[in-house]
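Positions in the sequence shown are counted from 1; adding 26 to them yields the numbering used here.
For each residue, glycine too, the CB sits at the ideal point set by N, CA and C.
Nothing here was measured: the structure is a model prediction, and the numbers come from that model.
Everything below concerns the one structure shown next.
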Amino acid sequence: MTSSPLLYQPPATDPLPILYQDDWLMIVDKPAGLLSVPGRLEQHKDSLALRLDVAFPGTRTVHRLDMDTSGLMVFARDEETHRSLSRAFERKQVDKKYTALVHGVMAEDSGWVELPLIKDWPNRPKQKVDFELGKPSRTEWSVLSREDNVTRVELIPITGRTHQLRVHMAEIGHGILGDCWYGSEASMSARDRLCLHAGYLGFQHPATGEPLQYKSEADF
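What follows is the structure, given as structure tokens:
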């Protein structure tokens, strides 16, 4: 079963998993179990952002992945690039695709989930569906393969709410395997990690204008 959310045992990154870098930005393949940015508690300071900043001072975080989610992230190396990339994310000019293993056999080949999400304050950082106060969120999904009561899916987050993919899949009865917060008992115990991987990142380079497209294969 995936470790408790309060237990932090970050994996090593030696060498740093940098797939691309230039004078403006870096694309990095974050391992599962490593925080994207430092947490509030001292024992949660170790993170991918901190490790990059030690090696490359001035590295700036543009977006985040959950600690238990692996995959591609882009970091800026100067303030202007950070502003440009942040605007691109806000304007939905960045293409993101995830691979996940979910519990059960999905009957349809593709579909979408639209459910409003809000922070579950008594149980933060968990999120929950709230039709009165929640913010709109949409996830598109398509089946990649089916086997042994498990479906491999591609997930495209149209919006970027916290834990959106995890909540949406759980709400339609196909929790992501290894999800210690939202999965069913069967899906929680099915894998020793959260089977969610940010496998594709595509955007226009803010300085050169060239299209950047990077892929990373999931290890599950």
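**Item:** 6 Å CB neighbourhood of Met52 in its chain, flanking five on each side removed
**Value:** The residue given as residue 52 occupies position 26 in the sequence shown. If we look at Met52 and ignore the five residues flanking it on each side, its Cβ neighbours are Ile44, Phe101.
**Pairwise C-alpha distance: Cys221 and Met27** = Against the sequence shown, residue 27 aligns to sequence position 1. Against the sequence shown, residue 221 aligns to sequence position 195. Caution is warranted here: a pLDDT of 39 is assigned to Met27, below 50, making its placement in the model unreliable, and the coordinate value is therefore given only provisionally. Answer to the nearest angstrom: the Cα atoms are 12 Å apart.
**Request:** Report yes if the CB atom of Leu61 is closer than 8 Å to the CB atom of Pro36, and no otherwise.
**Result:** Here residue 61 refers to the residue found at position 35 of the sequence shown. Here residue 36 refers to the residue found at position 10 of the sequence shown. In this structure, Pro36 lies closer than 8 Å to Leu61 by Cβ.
**Request:** Starting from His223, trace the beta strand (DSSP E) both ways and give me its first and last residue.
**Result:** The residue given as residue 223 occupies position 197 in the sequence shown. Taken as a continuous stretch (DSSP letters only), the beta strand (DSSP E) holding His223 covers 222–230.
**Opposing strand residues paired with Asp49 [DSSP bridges]** = For the purposes of this step, residue 49 is identified with residue 23 of the sequence shown, where counting begins at 1. Answer by DSSP bridge pairing: none, since Asp49 is not bridged.
**Asked** With 16 other CB atoms within 10 Å as the buried threshold, where does Ala133 fall?
**Response** Within the sequence shown, numbered from 1, the residue matching residue 133 stands at position 107. Counting Cβ neighbours within 10 Å, Ala133 comes out exposed, since fewer than 16 surround it.
**Message:** Given this structure, state the Cα-to-Cα distance separating Trp50 from Ala81, to the nearest angstrom.
**Reply:** Counting from one through the sequence shown, the residue named residue 50 turns up at place 24. Counting from one through the sequence shown, the residue named residue 81 turns up at place 55. In this structure, the straight-line span from the alpha carbon of Trp50 to that of Ala81 is close to 15 Å.
**Rounded C-alpha distance that separates His108 from Asp174** = One-based indexing of the sequence shown puts residue 108 at position 82. One-based indexing of the sequence shown puts residue 174 at position 148. Between His108 and Asp174, the C-alpha separation is close to 44 Å.
**Request:** Give a yes or no on contact between the stretch 130–144 and the stretch 111–122, applying the rule of three or more CB pairs nearer than 8 Å.
**Result:** Cβ pair count under 8 Å is below three, so no.
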